[in-house]
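*Asks:*
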Amino acid sequence: MQINDGSTAIAKEQHHPRRLWEVDVGRGLTVAAMIVFNLQFKDESTFAQLRHPPFLGLTAADFVFPNFLFLSGMSIPLALRHHASTYRRWKRAAALSEASREEPPPEPLSSRPSHLVPKFLKRSASHFALGLVLFNTSYSSDIHRTLAEWRFMGVLQRHAIVGLVCAAWYLAPGGPYEDNWDDRNDESSQTPPPPPSMRLVHAMQSLFRSLRRPVTYMLLWTFLTYRFPHSTLPEPSPSLLLDPNRLKEPSETAAYLIDTIVLGRLHTYRGAGLDPEGLLSTLPAFFSCWLGVLYGESIGARTTRDKEPTLHTLLRRLEPPTALLAASLILNRGLGIPFSKPLWTPPFAFVTGAASWTLFEGLSVLGDAYGLRNTNPPILSSLARQPLTAYVFSSVCPKLLSLVPLGNGSVLDSIKALFNVFPPGWDGVAWGCAWTVVTAAVVGLA
Numbered sequence: 002m003q004i005n006d007g008s009t010a011i012a013k014e015q016h017h018p019r020r021l022w023e024v025d026v027g028r029g030l031t032v033a034a035m036i037v038f039n040l041q042f043k044d045e046s047t048f049a050q051l052r053h054p055p056f057l058g059l060t061a062a063d064f065v066f067p068n069f070l071f072l073s074g075m076s077i078p079l080a081l082r083h084h085a086s087t088y089r090r091w092k093r094a095a096a097l098s099e100a101s102r103e104e105p106p107p108e109p110l111s112s113r114p115s116h117l118v119p120k121f122l123k124r125s126a127s128h129f130a131l132g133l134v135l136f137n138t139s140y141s142s143d144i145h146r147t148l149a150e151w152r153f154m155g156v157l158q159r160h161a162i163v164g165l166v167c168a169a170w171y172l173a174p175g176g177p178y179e180d181n182w183d184d185r186n187d188e189s190s191q192t193p194p195p196p197p198s199m200r201l202v203h204a205m206q207s208l209f210r211s212l213r214r215p216v217t218y219m220l221l222w223t224f225l226t227y228r229f230p231h232s233t234l235p236e237p238s239p240s241l242l243l244d245p246n247r248l249k250e251p252s253e254t255a256a257y258l259i260d261t262i263v264l265g266r267l268h269t270y271r272g273a274g275l276d277p278e279g280l281l282s283t284l285p286a287f288f289s290c291w292l293g294v295l296y297g298e299s300i301g302a303r304t305t306r307d308k309e310p311t312l313h314t315l316l317r318r319l320e321p322p323t324a325l326l327a328a329s330l331i332l333n334r335g336l337g338i339p340f341s342k343p344l345w346t347p348p349f350a351f352v353t354g355a356a357s358w359t360l361f362e363g364l365s366v367l368g369d370a371y372g373l374r375n376t377n378p379p380i381l382s383s384l385a386r387q388p389l390t391a392y393v394f395s396s397v398c399p400k401l402l403s404l405v406p407l408g409n410g411s412v413l414d415s416i417k418a419l420f421n422v423f424p425p426g427w428d429g430v431a432w433g434c435a436w437t438v439v440t441a442a443v444v445g446l447a
């Protein structure tokens, strides 16, 4: 039995996959926001929403990194969609051959999950190494710090770990990679939609069935955070399952304890003990990335009706983020679990995931409704095509300029002085926007 491996056009598309407008625009906006937030002046005049809260709380700046993890997850099924299609067709053909006792077709080796895993391993290893070097040189106030003081975890390191784990889940036996979305695209085989009064409940049930793995790690985070016994932590309350006293002080949290013991205090962010990208907070971060995987898969599972640029379509496609927002409010308002980026608490993971899902669904509908898919601002296009290069440039270049002396300060200080014409607060915004434009121009020429 032969497998229909597609036409020449599909084969070419495997090497040059079609880029999705909403993904490019969303990625460009995320990179631009990252540069603006990272390059604030870091003084008292900086707008509160452009700064991360020190421990508990939620600001606009907190939504950027979760959106990168969402994008990382989304890229997994989108990058492998042609491999997945080939592999699923082979599995279907092999099953039919077995049923009819015919010789099974040869397995497409290039699409075998075991063939794809090393690619993710290589990418994750390079990202982890780059993050390790980048933070301890460009972000460090002391460029000559010793290895004994290097910070082990960081943004790129978490991105590497979480992306690798989610890719492994995606490619695992019985995972979405082997699932047959082609059958789900068959409108004749679809079940009728639930009644309007039950849509949100149905959306929550469907969503959380797909989130079993990351939710398991989130439950582990909850146990370690609220119930893990240790002499240096507040005694868990026998009457309260989620004791708020366990999250009052950064130095009295399980995350602080684990980071200090495993990583060492000197190897955490600024030697504080609690690392914002530490070990325990990585567990619920899997959830943020896996949401992106589910969204990327949902793009391939959309029917013709799902692509209609109507308000009804938008509302239907916003059911998952609505369910996430509802869950976030229940956990925060009902159970008292706070929002916290350093701890990556479940309410934080849910609300930022809802925001990311809404962003890309909104862009998708706007692109269809207003015919914007053939337009993309040059700045966003440059940042979207090379986000890692943009991140490295915007991190390293200011540091290099600060090392070049000029007058009583540095070249960086002299350039910053030009932005004093703006009111306090807005000077940092203008500075960040200027660096965004410069980064896009440099990356576009690369």
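The working numbering puts the sequence shown at residues 2 to 447.
All residues carry an ideal CB built from backbone N, CA and C; glycine is no exception.
Verify whether the separation of the beta carbon atoms of A370 and P322 is less than 7 angstroms.
*Replies:* Position 369 of the sequence shown, counted from the start, is the residue given in the question as residue 370. Position 321 of the sequence shown, counted from the start, is the residue given in the question as residue 322. No.
*Asks:* For A94 versus P106, is the C-beta spacing smaller than 7 angstroms?
*Replies:* Numbered from 1 along the sequence shown, position 93 holds the residue referred to as residue 94. Numbered from 1 along the sequence shown, position 105 holds the residue referred to as residue 106. Closer than 7 angstroms, so yes.
*Asks:* Give a yes or no on whether the C-beta atoms belonging to G27 and V294 are separated by under 7 angstroms.
*Replies:* Indexing the sequence shown from 1 puts residue 27 at position 26. Indexing the sequence shown from 1 puts residue 294 at position 293. Going by C-beta atoms, G27 is not nearer than 7 angstroms to V294.
*Asks:* Kindly provide the ranges of any alpha helix (DSSP H) runs that are 4 or more residues long and lie completely inside the segment 321-409, ordered along the chain.
*Replies:* Qualifying alpha helix (DSSP H) stretches, in chain order: 347-370, 379-386, 388-403.
*Asks:* Can you give me the Cβ contacts of L336 inside the same chain, cut-off strictly under 7 angstroms, excluding the 5 residues immediately before and after it?
*Replies:* The residue you call residue 336 lines up with position 335 of the sequence shown. Result list for L336: L243, in chain order.
*Asks:* Is the segment 423-443 touching the segment 52-70, taking contact as three or more C-beta pairs under 8 angstroms?
*Replies:* In short, these stretches do not touch, since the Cβ pair count stays below three.
*Asks:* DSSP state of W436, grouped into three classes?
*Replies:* The residue labelled residue 436 in the question sits at position 435 within the sequence shown. In the structure shown, W436 sits in a helix (DSSP, three-state: H, G or I).
*Asks:* Using DSSP with H/G/I as helix, E/B as strand and the rest coil, what is S232?
*Replies:* Stepping through the sequence shown from its first residue, residue 232 is reached at position 231. Note: S232 maps to coil in three-state DSSP.
*Asks:* Run the CB neighbour count on G272, radius 10 Å, all protein chains shown included, and call it buried at 16 or more, exposed below.
*Replies:* Within the sequence shown, numbered from 1, the residue matching residue 272 stands at position 271. Exposed, since its Cβ has fewer than 16 Cβ neighbours within 10 Å.
*Asks:* Closer than 6 angstroms by C-beta to R214: which residues in its own chain qualify, once you throw out the five before and the five after it? Chain order, please.
*Replies:* Walking along the sequence shown from the start, residue 214 turns up at place 213. These residues qualify, in order along the chain: W170.
*Asks:* I'd like to know if the segment 311-320 and the segment 240-259 are in contact, where contact means that at least 3 CB-CB pairs between them fall below 8 angstroms.
*Replies:* Verdict: no, contact absent.
*Asks:* Please name the residue in G164, I380, L332 whose C-alpha comes closest to that of P245.
*Replies:* By 1-based counting over the sequence shown, the position of residue 245 is 244. Comparing Cα positions, the closest option is L332.
*Asks:* Give me, in chain order, the residues of the same chain whose beta-carbon lies closer than 7 angstroms to that of W436; leave out the 5 immediate sequence neighbours on both sides.
*Replies:* The residue given as residue 436 occupies position 435 in the sequence shown. Counting only Cβ-Cβ distances below 7 angstroms, and skipping sequence neighbours, we find I36, L40, S395.
*Asks:* Look at E236 and P78 and say whether their C-beta atoms are less than 7 angstroms apart.
*Replies:* The count along the sequence shown starts at 1 and reaches residue 236 at position 235. The count along the sequence shown starts at 1 and reaches residue 78 at position 77. No.
*Asks:* To the nearest angstrom, how far is the alpha carbon of S112 from that of T87?
*Replies:* On the sequence shown, residue 112 is found 111 positions in, with the first residue counted as 1. On the sequence shown, residue 87 is found 86 positions in, with the first residue counted as 1. Roughly 7 angstroms between the two C-alpha positions.
*Asks:* Between the segment 378-390 and the segment 343-363, do at least 3 Cβ pairs fall closer than 8 angstroms?
*Replies:* The answer is no - the segment 343-363 does not touch the segment 378-390, with fewer than three Cβ pairs under 8 angstroms.
*Asks:* Does the distance from the CB of R159 to the CB of T283 come in under 7 angstroms?
*Replies:* Taking the first residue of the sequence shown as position 1, residue 159 is located at position 158. Taking the first residue of the sequence shown as position 1, residue 283 is located at position 282. Cβ atoms of R159 and T283: closer than 7 angstroms.
*Asks:* Taking DSSP's pairing of strands, which residues face S411 in a bridge?
*Replies:* Within the sequence shown, residue 411 is the residue found at index 410, counting from 1. In the DSSP output, where bridge partners are listed per residue, S411 has P406.
*Asks:* Taking buried to mean at least 16 other C-beta atoms within 10 Å of its own C-beta, is V405 buried or exposed?
*Replies:* The residue given as residue 405 occupies position 404 in the sequence shown. It counts as exposed.
*Asks:* At which residues does the alpha helix (DSSP H) containing D25 begin and terminate?
*Replies:* The residue you call residue 25 lines up with position 24 of the sequence shown. Taken as a continuous stretch (DSSP letters only), the alpha helix (DSSP H) holding D25 covers 22-39.
*Asks:* Of all the alpha helix (DSSP H) runs that stay within the bounds of the segment 34-97, which reach a length of 4 or more residues?
*Replies:* Those alpha helix (DSSP H) runs which fall completely within the segment 34-97 and span 4+ residues are 65-80.
*Asks:* Count the other CB atoms within 10 Å of the CB of V444; is the residue buried (16 or more) or exposed (fewer)?
*Replies:* Within the sequence shown, residue 444 is the residue found at index 443, counting from 1. So V444 ends up on the buried side.
*Asks:* Identify whether F136 lies in helix, strand or coil by the three-state DSSP scheme.
*Replies:* Residue 136 sits at position 135 when you count from the first residue of the sequence shown. F136: helix per DSSP, three-state reduction.
*Asks:* State the Cα-Cα distance for the pair R20 and D180, rounded to the nearest angstrom.
*Replies:* Taking the sequence shown and counting its residues from 1, the one referred to as residue 20 is at position 19. Taking the sequence shown and counting its residues from 1, the one referred to as residue 180 is at position 179. The alpha-carbon atoms of R20 and D180 are separated by roughly 23 angstroms.
*Asks:* Near A47, what residues of its chain come up, given a Cβ to Cβ distance below 7 angstroms and the 5 sequence neighbours on each side ignored?
*Replies:* Your numbering for residue 47 matches position 46 in the sequence shown. A small fix is needed here, since residue 47 is Thr in this sequence, not Ala. Excluding residues within five positions, the ones whose Cβ falls inside 7 angstroms are Q41, G426, G429.
*Asks:* So, is E45 buried or exposed, given that buried needs 16 or more other C-beta atoms within 10 angstroms?
*Replies:* By one-based count along the sequence shown, residue 45 stands at place 44. Per the 10 Å Cβ criterion, exposed.
*Asks:* Three-state secondary structure (DSSP) at W222?
*Replies:* By one-based count along the sequence shown, residue 222 stands at place 221. Residue state, collapsed to three classes: helix.
*Asks:* Please look up how many angstroms separate the CB atoms of A431 and I380, rounded, as I've assumed it's under 8 angstroms.
*Replies:* As a first step, residue 431 is located in the sequence shown; it is residue number 430 there, counting from the start. As a first step, residue 380 is located in the sequence shown; it is residue number 379 there, counting from the start. Not really, about 15 angstroms apart at Cβ, beyond 8 angstroms.
*Asks:* Less than 7 angstroms between the beta carbons of P285 and M219, yes or no?
*Replies:* Reading the sequence shown from its first residue, position 284 is the one you call residue 285. Reading the sequence shown from its first residue, position 218 is the one you call residue 219. Cβ distance < 7 angstroms, so P285 and M219 count as in contact.
*Asks:* Please name the residue, chosen from R266, W291, W22, that lies closest to L280 on a Cα-to-Cα basis.
*Replies:* Along the sequence shown, read from residue 1 onward, the residue named residue 280 stands at position 279. Nearest option by C-alpha distance: R266.
*Asks:* Note down the Cα distance separating A34 from D260, rounded to an integer number of angstroms.
*Replies:* For this step, residue 34 is matched to residue 33 along the sequence shown. For this step, residue 260 is matched to residue 259 along the sequence shown. A34 and D260: Cα-Cα distance of roughly 29 angstroms.
*Asks:* Are there 16 or more other CB atoms within 10 angstroms of the CB of K474, so buried, or fewer, so exposed?
*Replies:* Any property of residue 474 remains undetermined from this structure, which presents the chain solely from 2 to 447.
*Asks:* Hey, would you say S341 sits closer than 7 angstroms to L51, going by beta carbons?
*Replies:* Taking the sequence shown and counting its residues from 1, the one referred to as residue 341 is at position 340. Taking the sequence shown and counting its residues from 1, the one referred to as residue 51 is at position 50. For S341 and L51, no; Cβs fall outside 7 angstroms.
*Asks:* With a threshold of 7 angstroms between beta carbons, is M154 in contact with chain D?
*Replies:* Absent here is chain D; the protein component of the structure consists of one chain.
*Asks:* Taking just the CA atoms, how far does F287 sit from P348?
*Replies:* For the purposes of this step, residue 348 is identified with residue 347 of the sequence shown, where counting begins at 1. For the purposes of this step, residue 287 is identified with residue 286 of the sequence shown, where counting begins at 1. Rounded to whole angstroms, P348 to F287 spans 14 angstroms at the Cα level.
*Asks:* If we ignore side chains and look at the alpha-carbon of each, how far apart do V134 and H268 end up?
*Replies:* Reading the sequence shown from its first residue, position 133 is the one you call residue 134. Reading the sequence shown from its first residue, position 267 is the one you call residue 268. Cα to Cα, the separation comes out at about 13 angstroms.
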